[in-house]
Amino acid sequence: MDFEPLIERKRRRFEELESEISSPDLFSDPARARAVLREHGAAKELLASWERLQKAKRELAENRELLDAGDSEMAEMAREEIVALEKNIPDLEMEVQVALLPPEPDEDRDAIVEIRAGTGGTEAALFAADLYRMYSRFADSLGLRVEELESSPADLGGFREIIFRVSGASVFRRLRYESGVHRVQRVPATEAQGRIHTSTATVAVLPEAEEVDIEIRPEDLRIEVCRAGGPGGQGVNTTDSAVQVMHIPTGRIVRCQDGRSQQKNKEAALKIMRSRLLEDKRREEEEKYSAHRRSLIGGGGREEKIRTYNFAENRVTDHRIKVSLYSLDRFLQGDMAELIEALQADDIRERLKEAGIA
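Read in our numbering, the sequence shown has 11 at position 11, and its numbers run on one by one without any break.
(1) Rank V166, G120, L221, E350 by C-alpha distance to the C-alpha of M134 and give the top, closest one.
(2) Determine which residues share a DSSP beta bridge with T198 and list them.
(3) With contact counted as at least three CB pairs below 8 Å, one residue from each stretch, are the stretch 70-86 and the stretch 155-166 in contact?
(4) Would L221 and V245 qualify as a contact pair, given that the criterion is a beta-carbon distance under 8 Å?
(5) Helix, strand or coil for N237 per DSSP?
(6) So what does DSSP say about A312, is it helix, strand or coil?
(7) Going by other Cβ atoms of all chains shown within 10 Å of its Cβ, with 16 needed for buried, is G194 buried or exposed?
(8) Would you be able to state if there are at least three C-beta pairs under 8 Å between the stretch 240-257 and the stretch 305-320?
(9) Compare the Cα-Cα distances from I115 to each of E86, R274, A154, E107 and report the closest residue.
(10) Whose CA, out of E284, M273, S28, R173, lies closest to the CA of A345?
(11) Taking C-alpha atoms, which residue in Q54, L47, F14, V203 lies nearest to L37?
(12) Spatial neighbours of V98 within its chain, please: C-beta separation below 6 Å, excluding the five flanking residues on both sides.
(13) To which residues of the same chain is S290 closer than 7 Å at the C-beta, ignoring the five residues directly before and after it?
(14) Pull up the DSSP beta-bridge partners for K305, would you.
(15) Over what stretch of residues does the beta strand (DSSP E) that includes H247 continue unbroken?
(16) If you check the beta carbons only, do R307 and H182 fall under 8 Å apart?
(17) May I ask you to report which of helix, strand or coil DSSP gives D318?
(18) Helix, strand or coil for P153 per DSSP?
(19) In the DSSP assignment, find the unbroken beta strand (DSSP E) run with R116 in it and report its ends.
(20) Kindly list the residues whose CB is nearer than 8 Å to the CB of R101, restricted to its own chain and excluding five residues on each side of it in sequence; keep chain order.
(21) CB L332 to CB Y177, shorter than 8 Å?
(22) Going by Cα to Cα distance, which pick from C256, V187, R276 is closest to I214?
(23) Can you tell me whether S141 is buried or exposed, with buried defined as 16 or more other CB within 10 angstroms of its CB?
(24) Here's the rule: buried if 16 or more other CB atoms are within 10 angstroms of the residue's CB, otherwise exposed. What is S19?
(25) Who are the Cβ neighbours of K161 in its own chain at under 8 Å, not counting the five residues just before and after it?
(26) When the Cα atoms are used, what is the spatial distance from E219 to K44?
(27) Please list the terminal residues of the continuous beta strand (DSSP E) segment that includes F159.
(28) Tell me whether E148 sits in a helix, a strand or coil according to DSSP, three-state version.
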């Protein structure tokens, strides 16, 4: 494919963005300023990748000419350069193709992650806790911040549900592929006969919404305050700190009680509500042009799995890309980068195919 016309359009657009950035009026609209700076950065990166590719192609042509120059020493040096350049050019071409793709919506946002125990009773709740620790350690390894927003502990350990926020650089881009049903196969600690049980947990990763994304009118909310229940100590259980927020038009309800004050719980509940409404809106828009896309998560059944965690084989398998890693012990400690990079690469291939760029 001839990329020259696309690159030329990007070059002209980059010059327009340079002019816009130099305008003192740009930052009077913060949202517009963020969009312009982001587009400018992406265009600059694309043009730099294109220049590296063109430079490599020129050097390859020059070294091929040296092979016929009659100088054996120069020819040997040229052969070494040719081998390196022929290996590097396909990578540079892929870099340009990826940079030509339109940015995915919300990829640079923080994320709200919701984990819920699925099929399997107590073992499913314990697995939900394992997933929470796994994501927390993965976030720590990248210098990201994890903030627990709401949880519902199970009676015998683990979580029926836990919701947390992950903030930092490009969080949603890294975690978006985690949405779906996760299946675990292992012998529970309570299993006397050593039989392997299969349980599930569902994970939903939502881009954190900003107030400008979703307008929530005060009259569309019903906010109720009540006494917090469950474990949490005297300070939580003896005050009317729990907050339940209902979005009347959609019927969505969010309840938060982990914070020690009404205000903290109200802020957390509204943050979760806004992100869920944004996800609803984003999903509706996607379905208009991409009917084959599946819903974010299924009902939690074993047959809907996206990934299996098999303890007997120390194996984690992602069924979407048919990749298995025999390092489950490290994976659960947050060493997830290899599989996430494979998911990202597969997604990029599909997007290039859909865009007709590859």
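Glycine included, C-beta positions come from ideal geometry on N, C-alpha and C.
In brief:
(1) V166
(2) Q185
(3) no
(4) yes
(5) With a pLDDT of only 48 at N237, under the threshold of 50, the placement of this residue in the model should not be trusted; the figure read from the coordinates follows. Helix, per DSSP.
(6) Correct three-state label for A312: coil.
(7) exposed
(8) no
(9) A154
(10) Checked all of E284, M273, S28, R173; the closest Cα to A345 is R173.
(11) F14
(12) I348
(13) Because S290 sits at a pLDDT of 46, beneath the cut-off of 50, its placement in the model cannot be relied upon, and the point is left open.
(14) V181
(15) 242-247
(16) Here R307 is near H182, since their CB atoms are less than 8 Å apart.
(17) strand
(18) If DSSP states are grouped into helix, strand and coil, P153 belongs with the strands.
(19) 111-117
(20) This sequence places Leu at residue 101; Arg is not what is there. Same-chain partners within the cutoff: I348, R351, L352, A355, I357.
(21) No.
(22) R276
(23) exposed
(24) exposed
(25) For the record, residue 161 in the displayed sequence is Glu; it is not Lys. The answer, listed in chain order, is E114, I115, R116, A117, A128, E150, S151, S152.
(26) Their backbone Cα atoms lie some 45 Å apart in a straight line.
(27) 159-167
(28) strand
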